[in-house]
Amino acid sequence: MSQARTLAQLVRKNEQQIFEEWVAQQMAAVTLRADLMKESELREQSREFLRVFTEALQSGTMQMDSAVWKPTKDMLSHISRRRATQGFSPVETATFIFSLKQPLFGVLRKDAAQDQGLEDQVWEASILLDKLGLYTTEIYQQSRESVISRQQEELLELSTPVVRLWENILALPLIGTLDSERTQVVMENLLEKIVETEALIAIIDITGVPTVDTLVAQHLLKTVAAARLMGADCIISGIRPQIAQTIIHLGIDLSQVITKATLADALAVALQRTGSTISRTAVKV
Amino acid sequence: MDRIPILKMGRFLLVTIQVDMHDEMAMTLQEDLTSRIVTDRAQGVLIDISSLEIVDSFIGRMIGNIAGMARLLDAETVLVGMRPAVAITLVELGMSLAGVRTALNVDKGMLMLQHAQREKSA
Numbered sequence: 000m001s002q003a004r005t006l007a008q009l010v011r012k013n014e015q016q017i018f019e020e021w022v023a024q025q026m027a028a029v030t031l032r033a034d035l036m037k038e039s040e041l042r043e044q045s046r047e048f049l050r051v052f053t054e055a056l057q058s059g060t061m062q063m064d065s066a067v068w069k070p071t072k073d074m075l076s077h078i079s080r081r082r083a084t085q086g087f088s089p090v091e092t093a094t095f096i097f098s099l100k101q102p103l104f105g106v107l108r109k110d111a112a113q114d115q116g117l118e119d120q121v122w123e124a125s126i127l128l129d130k131l132g133l134y135t136t137e138i139y140q141q142s143r144e145s146v147i148s149r150q151q152e153e154l155l156e157l158s159t160p161v162v163r164l165w166e167n168i169l170a171l172p173l174i175g176t177l178d179s180e181r182t183q184v185v186m187e188n189l190l191e192k193i194v195e196t197e198a199l200i201a202i203i204d205i206t207g208v209p210t211v212d213t214l215v216a217q218h219l220l221k222t223v224a225a226a227r228l229m230g231a232d233c234i235i236s237g238i239r240p241q242i243a244q245t246i247i248h249l250g251i252d253l254s255q256v257i258t259k260a261t262l263a264d265a266l267a268v269a270l271q272r273t274g275s276t277i278s279r280t281a282v283k284v
Numbered sequence: 000m001d002r003i004p005i006l007k008m009g010r011f012l013l014v015t016i017q018v019d020m021h022d023e024m025a026m027t028l029q030e031d032l033t034s035r036i037v038t039d040r041a042q043g044v045l046i047d048i049s050s051l052e053i054v055d056s057f058i059g060r061m062i063g064n065i066a067g068m069a070r071l072l073d074a075e076t077v078l079v080g081m082r083p084a085v086a087i088t089l090v091e092l093g094m095s096l097a098g099v100r101t102a103l104n105v106d107k108g109m110l111m112l113q114h115a116q117r118e119k120s121a
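Line order of the protein sequences matches chains R and X. All residue numbers in the first sequence are consecutive under numbering that gives the first Met the number 0, ending with 284. All residue numbers in the second sequence are consecutive under numbering that gives the first Met the number 0, ending with 121.
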């Protein structure tokens, strides 16, 4: 694997030239995001990468999974992750590596007078850079996916609050579509809260649920059944006229559950059931 | 042989299930409970399952049966102390125990029975 060493020597010899050309390439590329990154930062990243890259080449192997390439890969992952969070696109991120090709090949061509064939060297270098480029894309993708899954979790937690409306009365304002996973979370939260507050009645408000299909209805009924097993009755409120029509057209049977049009009506029923009364007093105007 | 104790509290019977039940034990409980309802002239039965971490369809069906038998003997059954995880499992199994009354704990179950008794006598 002396080709790696030859390449390393070449890069070392022409380091300044490669570096300048590379930075110039990156600056000239249409994918440059001057709004997201300063030139000084780009220069610093490029110089640091070139140093680590040459060091890895020096070892004489081009096997990416060997230990000598670890610093290079680490640095690339760092850069990719950083750019992913900064808002770069995958193409913009991968350009960092791919724009190194031209300066590197330029140096190789100039050096072609040497005994080794130019084609072989270009081929090797090309494979190497392609691997590194793909690696950046992979890391970029990973960090993006981790952001998405984290947001999904946060959304799940944010969107299922259980509030105590009154003594023995809980309210569960649902917002967004109910899928199986969310129903599970909603159910768990509600049941835990029933144990905690010793609630007798839970009001499930579906004002914020955009559509109710058979699946959503099934999930709602499951939640109602589970709450009943814990000794709490459920009232479903916030049924919009359109949703009432859909429920009947789909043939969903909600006759076992108390349903009310608004949360206020549901609260009135709940208060009556738990033996509380509301009275109105004269207000000074 | 293991038996599940049945305690008398006024006009009500309290059954606390603390171990996993097998078929034989469940049959014994059904026999014991029905005869006790008759001899003690009980008007209500409280079944406490707060120490059960796992309830399968067998126990679920058995509780439903007991409630049905007690109703025939004019006693109300209240199932109390179900844990959240157990409730979710039962619902996923499709057992919503529609014929059985439920309460959060023994305290509330007792109140529920007393209330039902008052309504009946009124």
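Note that beta-carbon positions come from the ideal geometry of N, C-alpha and C, so glycine has one too.
Proximity below 7 Å, CB of residue i to CB of residue j
i	j	result
Ala86 of chain X	Ala225 of chain R	yes
Val105 of chain X	Thr76 of chain X	no
Leu12 of chain X	Ala41 of chain X	yes
Leu49 of chain R	Phe97 of chain R	no
Gly230 of chain R	Ala102 of chain X	yes
Ile48 of chain X	Met8 of chain X	no
Ile46 of chain X	Leu89 of chain X	no
Ala263 of chain R	Ile168 of chain R	no
Between the CA atoms of residue j and residue i - distance to the nearest angstrom
i	j	result
Leu173 of chain R	Ile200 of chain R	16 Å
Ile277 of chain R	His218 of chain R	33 Å
Ile36 of chain X	Ile53 of chain X	27 Å
Arg10 of chain X	Leu32 of chain X	14 Å
Glu118 of chain R	Leu99 of chain R	17 Å
Ile193 of chain R	Asn64 of chain X	27 Å
Leu110 of chain X	Arg117 of chain X	11 Å
Glu91 of chain X	Leu189 of chain R	16 Å
Glu166 of chain R	Glu40 of chain R	59 Å
Thr84 of chain R	Tyr139 of chain R	9 Å
Ile78 of chain R	Met61 of chain R	21 Å
Phe57 of chain X	Met68 of chain X	16 Å
Ser148 of chain R	Asp64 of chain R	28 Å
Gln183 of chain R	Leu157 of chain R	15 Å
Beta carbon proximity, residue i to chain R, threshold 7 Å
i	result
Met61 of chain X	no
Ala69 of chain X	no
Ser95 of chain X	yes
Ile126 of chain X	Residue numbering for chain X in the displayed model covers 0 to 121; residue 126 of chain X lies beyond these limits and cannot be assessed.
Thr33 of chain X	no
Thr15 of chain X	no
Pro122 of chain X	Past the edges of chain X, shown from 0 to 121, lies residue 122 of chain X, and the structure says nothing about it.
Val44 of chain X	no
Residue-chain proximity (residue i, chain X), Cβ-Cβ < 7 Å
i	result
Glu47 of chain R	no
Glu197 of chain R	yes
Lys221 of chain R	yes
Range covered by the beta strand (DSSP E) that runs through residue i
i	result
Ile202 of chain R	Ile200 to Gly207
Glu75 of chain X	Glu75 to Val79
Gly43 of chain X	Gly43 to Asp47
Ala102 of chain X	Arg100 to Ala102
For residue i, the first and last residue of its enclosing alpha helix (DSSP H)
i	result
Pro172 of chain R	Careful: Pro172 of chain R lies outside any alpha helix (DSSP H), inside the beta strand (DSSP E) at Ile168 to Ile174.
Phe122 of chain X	With chain X covering 0 to 121 only, the question about residue 122 of chain X has no answer from this structure.
Ser236 of chain R	Counting along the chain, Ser236 of chain R falls outside any alpha helix (DSSP H), though it belongs to the beta strand (DSSP E) covering Asp232 to Ser236.
Trp122 of chain R	Leu117 to Leu157
Arg60 of chain X	Ser56 to Leu71
- Residues of the stretch 103-115 of chain X with a CB closer than 7 Å to any CB of chain R: list them in chain order, please. Against chain R - using a Cβ distance shorter than 7 Å - the residues of the stretch 103-115 of chain X are Leu103 and Lys107.
- Residues of the stretch 225-254 of chain R with Cβ closer than 9 Å to any Cβ of chain X, in chain order: Hits within the stretch, in order: Ala225, Ala226, Arg227, Leu228, Met229, Gly230 and Ala231.
- Item | Contact residues within the stretch 168-195 of chain R, judged by C-beta distance below 8 Å to chain X | Answer set for the stretch 168-195 of chain R: Gln183, Met186, Glu187, Leu190, Glu191, Ile193 and Val194.
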